[in-house]
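Residue 443 in the numbering used here is what sits at position 187 of the sequence shown, and the numbering runs on without skipping anything. We put the CB at the ideal spot given by N, CA and C, even for glycine. One structure is given below, encoded as structure tokens.
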Amino acid sequence: MASRRSSITLFSRPACVHSHRVRLVMEEKGVANYDIAWLRDGEDSEDLLDLNPYNTVPTLVERDLVVYDPRIIIEYVDERYPHPPLMPVDPILRAQYRLAIYRMESDLYPLFDDLESTPAVAKKARARMTELLTVLAADFAPKKWIGEEFSLLDCTLAPILWRLEHYDVALGERHGQKLEKYAARVFARDAFTRSLSAIEAEMRPSLAPQH
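Below, the structure written as structure tokens:
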């Protein structure tokens, strides 16, 4: 099936934080002529199952290539469309960026499943999210982005920050302003606006454009 596709197709769920990250990278890279195959929560797709043995989103299809791990997808897109670059050239810095992304994926992203769980589990997840983001904010240097330039680090963190208000996650007073100012800069980017699904836009109606 992949060989019959004439353009890039991204299988995505409209509220999936992993899918949002990939859509943001696609928009930051200015990828043209790609289609989004939207799947509702709980909806199965025979097309997706034929392409991806894990039947997971996001899944990216480009002609004969099928990629279905979000981190592999964003690195592939960054390398496939080299301008503007979203990873540093220096191998040491690249390794450091990858480690930082890995920590966000391992520590922060799984908490969204808990935030959708029972009130007790969600309360614990909110506290843990606040704790982790407070530590992250304390490490922020007085610069515009996490690294020297806007990168995959920012694309990984941005979907998390966008969802905080929706899930009633509060930032600590001491360091919260740093993250809020940083988040405002990310949310103001045209690519971020374009990356939002209609459902994601509804999470922050005061900031999102009307669909």
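With distances taken Cα to Cα, identify the nearest neighbour of residue i among the options.
i    : options                : result
E458 : F396, A271, F368, A356 : A271
S263 : L349, I292, Y365, H276 : I292
L355 : S462, G428, R327       : R327
R336 : V287, K437, V377       : V287
S453 : K400, L409, H276, F267 : H276
Y324 : Y358, V425, L266       : L266
Y290 : V278, S301, G298, R296 : V278
D334 : E429, K285, D303       : K285
R359 : Y332, R460, T412       : T412
E421 : E456, L295, V281       : E456
R445 : H339, F406, E361, G432 : F406
R460 : D306, Y423, T315, R441 : Y423
Bridge partners of residue i, per DSSP?
i    : result
T265 : D291, V317
V228 : This structure does not reach residue 228, given that the chain is present from 257 up to 467, and the question cannot be answered.
P323 : Residue identity differs from the one stated: residue 323 is Val in this sequence, not Pro. DSSP output for V323 lists L316 as bridge partner(s).
Who are the near neighbours of residue i in its chain, counting only those whose CB is closer than 7 angstroms to its CB and skipping five residues on each side?
i    : result
R450 : E283
L388 : D363, L364
K434 : A393, F396
V425 : R382, M385, T386
A376 : none
Q466 : Low local confidence applies: a pLDDT of 49 at Q466 is under 50, so the model's placement there is unreliable, with the coordinate-based value given in what follows. Once the five neighbours on either side are set aside, Q466 has no close Cβ partner at all.
M257 : Here the model assigns M257 a pLDDT of 41, short of 50, so the residue's position is not dependable, and the following value carries that caveat. D303, D306, L307.
If I measure Cβ to Cβ from residue i and keep anything under 6 angstroms in the same chain, skipping five residues before and after, which residues do I get?
i    : result
P344 : R350
L417 : A439
S462 : none
W208 : Missing from the structure shown is residue 208; the chain here goes from 257 to 467 and no further.
G428 : T390
Could you pull out every residue in the same chain whose Cβ sits closer than 8 angstroms to the Cβ of residue i, ignoring the five residues on either side in sequence?
i    : result
S259 : At S259, the pLDDT of 41 sits below 50, so the modelled position is not reliable; the number obtained from the coordinates is stated separately. Once the five neighbours on either side are set aside, the close Cβ partners of S259 are R319, D320.
E404 : P344
V273 : Y365, F368, P415, I416, R419
R296 : R269, P270
E331 : M343, L408
K379 : none
L280 : C411, A414, P415, A447, F448, S451
G513 : Look at the range of the chain in this structure, 257 to 467, and you will see that residue 513 is not part of it.
I'd like the ranges of any alpha helix (DSSP H) spanning at least 4 consecutive residues and lying wholly in the segment 341 to 386.
347 to 359, 367 to 371
Between the segment 366 to 378 and the segment 317 to 336, do at least 3 Cβ pairs fall closer than 8 angstroms?
no
Check whether the segment 377 to 395 and the segment 306 to 318 touch, using three or more Cβ-Cβ pairs below 8 angstroms as the test.
no
Which runs of the beta strand (DSSP E), 3 residues or longer, sit entirely within the segment 432 to 461?
none
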